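One structure is given here, and the rest of the page talks about it.
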Amino acid sequence: MLRLLNEPTAAAIAYGLDSGQEGVIAVYDLGGGTFDISILRLSRGVF
């Protein structure tokens with residue numbers, strides 16, 4: 001195993017947001033009867 005990630009971080013990486021961009025993004029999940037949202041601040045490659 002290389003790293004253990006939570007679901008919002010994995011979604012952000014899959015979307016390509018680990019490429020060094022900076023900003024604030026919202027990742028949401030509409031599954032399992034719940035609405036989950038995470039706000040991620042990207043700064044110098046760190047979430």
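Take 1 as the starting number for the sequence shown in full-length UniProt numbering and just add one per residue. A virtual CB, placed ideally from N, CA and C, is assigned to each residue, including glycine. Values in this document were obtained by computation on a predicted structure and should not be read as measured data.
| Query | Result |
| --- | --- |
| Excluding five sequence neighbours on each side, which residues of the same chain lie with their C-beta closer than 6 Å to the C-beta of S38? | P8 and V27 |
| Under DSSP, the alpha helix (DSSP H) around E7 begins and ends at which residues? | E7 to A14 |
| Under the assumption that L40 contacts A12 (Cβ atoms under 8 Å), give the Cβ distance between them as a whole number of angstroms. | 6 Å |
| The beta strand (DSSP E) that contains S38, what's its start and end? | D36 to L42 |
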